[in-house]
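Read the structure below first, then the notes.
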Amino acid sequence: MTDCIFCKIVQGEIPCEKVYKDENVMAFLDIHPVNPGHILVVPKKHVVDFVSLDDATLASVVSVAKKVGAAVMRGAGAQGVNVMINNGAVAGQVVFHLHVHVVPRFEGDGFKLWPGKEYAAGEAGVMAQKIRVELSV
Ligand code: 5GP
Ligand code: ZN
Numbered sequence: 009m010t011d012c013i014f015c016k017i018v019q020g021e022i023p024c025e026k027v028y029k030d031e032n033v034m035a036f037l038d039i040h041p042v043n044p045g046h047i048l049v050v051p052k053k054h055v056v057d058f059v060s061l062d063d064a065t066l067a068s069v070v071s072v073a074k075k076v077g078a079a080v081m082r083g084a085g086a087q088g089v090n091v092m093i094n095n096g097a098v099a100g101q102v103v104f105h106l107h108v109h110v111v112p113r114f115e116g117d118g119f120k121l122w123p124g125k126e127y128a129a130g131e132a133g134v135m136a137q138k139i140r141v142e143l144s145v
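For the sequence shown, position 24 matches number 32 in the working numbering, and the numbering has no gaps at all.
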């Protein structure tokens, strides 16, 4: 895809700090890290987002994210990692070439996860049923 920043990184047209590459997958430092060592794992082929990704490529990307997660913990000295995918603009996706964030976490680093909401009475069952219907088609 000609106008995709991550395709350009994969093709070497834009520089990056690459940490991993194989036949299908590449991983490099995020240019604006949550914490130092924040990695993006991408399929080499252009796929817009998580829900568009074929299962075989997903398996390759997740397998690399797992390896990268362990390496980030050792290499960056992190105590944990968050492994995240933003799917869609409303979910914070800015670059529309699928990527998995592997974010190293350190005690007291200030990165906040989501606050939980409450379901109204009966709402959880109705919502679960809507999703079950979609999963069965
Ligand atoms: P998103 O919000 O789409 O899930 O995340 C996009 C990520 O890509 C951001 O964390 C951003 O810092 C990173 N990013 C954007 N442009 C570049 C770039 O040119 N090089 C690198 N290495 N990372 C980038
Ligand atoms: Zn792309």
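Note that CB positions come from ideal geometry on N, CA and C, so glycine has one too.
Buried versus exposed, by CB contacts within 10 Å (16 or more), residue i
i    : result
G45  : buried
L143 : exposed
P51  : buried
F14  : buried
V36  : In the sequence as displayed, the identity of residue 36 is Phe instead of Val. F36 should be labelled buried.
V89  : buried
I33  : According to the sequence displayed, residue 33 carries Val and not Ile. So V33 counts as buried.
I47  : buried
I22  : exposed
8 Å Cβ cutoff met for residue i and residue j
i    : j    : result
V91  : V110 : yes
F119 : V49  : no
For residue i, three-class secondary structure by DSSP
i    : result
V141 : helix
K75  : helix
For residue i, the residue or residues it bridges with in DSSP
i   : result
F36 : K26 and L48
* Minimum length 3: unbroken beta strand (DSSP E) runs contained in the region 84-139 -> 88-92 and 108-113
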